[in-house]
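If you count by my numbering, then the sequence shown holds residues 2 to 366, one letter each, in order. Don't be surprised by glycine CBs; every beta carbon is placed ideally from N, CA and C.
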Amino acid sequence: MDIRLWKQIANVAEKRNPGEKDIIRRCHPNQQPGLDLLARERIRLRVEQQARERLANTAALSPEKHPSPVPDFQVTELDDGSFKIQGTFNTTEYETSRQEVKFKLNDICPGLFSFHLSRTSYQPNQLGADCETSSFSFEVMVELSLENMSSCSVCSEDSYRKPTAVWASINTQKIVLEPFSPGQWKSAKMPLVSPPSELQQMKIPCVLWINFSRTYGEMNAQMQFVSLYVNQLNCDVTFHFDTAEKDESIGGHVNILSVRSSVFAAMFQSGMQETNTRKVCIKNIKPDIFKQLLHYIYSGQTSSKLSEENAQPLFVAADMYDVDDLKYECVRFLLSCITLENAINLMAWAHVHSIDSLKEATLIS
2 MDIRLWKQIA
12 NVAEKRNPGE
22 KDIIRRCHPN
32 QQPGLDLLAR
42 ERIRLRVEQQ
52 ARERLANTAA
62 LSPEKHPSPV
72 PDFQVTELDD
82 GSFKIQGTFN
92 TTEYETSRQE
102 VKFKLNDICP
112 GLFSFHLSRT
122 SYQPNQLGAD
132 CETSSFSFEV
142 MVELSLENMS
152 SCSVCSEDSY
162 RKPTAVWASI
172 NTQKIVLEPF
182 SPGQWKSAKM
192 PLVSPPSELQ
202 QMKIPCVLWI
212 NFSRTYGEMN
222 AQMQFVSLYV
232 NQLNCDVTFH
242 FDTAEKDESI
252 GGHVNILSVR
262 SSVFAAMFQS
272 GMQETNTRKV
282 CIKNIKPDIF
292 KQLLHYIYSG
302 QTSSKLSEEN
312 AQPLFVAADM
322 YDVDDLKYEC
332 VRFLLSCITL
342 ENAINLMAWA
352 HVHSIDSLKE
362 ATLIS
């Protein structure tokens, strides 16, 4: 290399920070410095220096002077009795940050719950690919925890539900929270990659799910209701089938059926013929499908597992008698059964019954 050109580079180096001077000094006067390497090192050093300065400027300040915005979380009770708690944590640029959100569920699952996100120190993620594209990311360690702040005596009572599974997701990554003491759950620390522009005010969207067990009282009550139907005890209405090859009937209970189905409620309370005779003729539904419908009304589950053979007629029966939760179960099962062989038939059936989610799923299968 021309010694005059090297002197020009050396003069420029005097204006660089110490790290950049070292890069140039490592290049021999007879060896041309790698300009791409120099540019990447300059970017890396600048980003690290800015991060250090930001931490140094705020480390002496108390958290009260730079409080994080209060996280806003929404609680939703799902059809299966579990709960979905969704919102966003807003962490600050401190090396260690802890956010808390408190929420209540319902009377069956009592108490005040406290959900925490802890963010620990971060370090630059210096991947070669990042250097070439002039983009650096930082790796942040996060940890989730949940605590039932109710007294232990309340948590241990059999009349209240207890969480059986707790898990969360951040950026579609599933995180399991394991129990470590009564009423407390915690996740393992996990890395979360963030661009340096988001370090000062980092938003972390999070979804928490809590699944609860049924209490002894709930299970006992359900068994007693099912026993009324299975053993045909104290029935006050009888269903007959016009599609049956032989005379076949099944009994039911007007009050229970009316609570679970608006169609049955209208049938037994609007002065129709069935109100007086307490005899109902079932048309266009096979006896075994209607019995499955009644079993679901009493117990919340069918007497046999859903299959590709019974899911569609069960949906039709549930739609006819306005049993929405059974309709949901049938659609969810059919979504898991889509194949190349049955996609066209399922799409046509879904179109007839206006099931958009199933129809769309068959189109992209």
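Residue interval of the beta strand (DSSP E) (run including C331): Careful: C331 lies outside any beta strand (DSSP E), inside the alpha helix (DSSP H) at D325 to L336.
How many Å lie between N285 and I298 at the Cα? 19 Å
What is the rounded straight-line gap between the Cα of I283 and the Cα of T165? 41 Å
Using a Cβ-Cβ distance cut-off of 8 Å, determine whether T165 contacts chain D. Absence of chain D from the displayed structure is noted, only one protein chain being present.
Would you check if the stretch 254-262 and the stretch 206-224 touch, i.e. whether three or more CB-CB distances between them fall below 8 Å? no
CB-CB under 6 Å to L193, same chain, minus the five flanking residues each way: which ones, in chain order? V141 and V143
Could you give the uninterrupted runs of the beta strand (DSSP E) lying entirely in the stretch 199-223, keeping only those of 3 residues or more? 202-213
Segments of 3+ residues assigned as beta strand (DSSP E) that fall wholly inside the stretch 247-290: 250-253 and 280-283
Supposed close pair A319, L336 - CB separation, criterion 8 Å: In fact, because the Cβ distance is near 16 Å, the residues do not count as touching under 8 Å.
CA-CA distance, C207 and S119? 13 Å
Would you tell me roughly how many angstroms separate the C-alpha atoms of M150 and M220, rounded to the nearest one? 26 Å
I'd like to confirm the pairing. Which residues does DSSP put opposite I356 in its beta bridges? In the DSSP output, where bridge partners are listed per residue, I356 has none listed.
Report the three-state DSSP secondary structure of E310 (helix, strand or coil). coil
At the level of alpha carbons, what is the spacing between I365 and I205? 31 Å
Looking at S98 and W210, is the spacing between their C-beta atoms short of 8 Å? no
So is T92 buried or exposed if we call it buried at 16+ other beta carbons inside 10 Å? buried
Suppose you measure from the CA of D357 to the CA of A351; what does that come to, to the nearest Å? 7 Å
Which whole-angstrom value is the C-beta distance of L294 and L315, which I expect to be below 8 Å? 7 Å
Grab me the residues of G112's own chain with a C-beta within less than 6 Å of its C-beta, minus the 5 sequence neighbours each way, in chain order. N149 and S151
Taking F90 and Q100 to be in contact with their CB atoms under 8 Å, please state how far apart those CB atoms are, rounded to whole angstroms. 5 Å
Compute the Euclidean distance between the alpha carbons of E42 and T121, then round it to the nearest angstrom. 26 Å
Within the same chain, show all residues whose beta-carbon is closer than 8 Å to that of F226, passing over the 5 residues directly before and after it, in chain order. I257, Y299 and S300
Q185 Cβ short of 7 Å to the ligand ADP heavy atom set: No copy of the ligand ADP appears in this structure; indeed no ligand is present at all.
Relative to the alpha-carbon of T278, which residue among I290, D237, P180 and S115 has its alpha-carbon at the smallest distance? D237
Excluding sequence positions up to five away, which residues of its chain have a Cβ less than 6 Å from the Cβ of E78? F84
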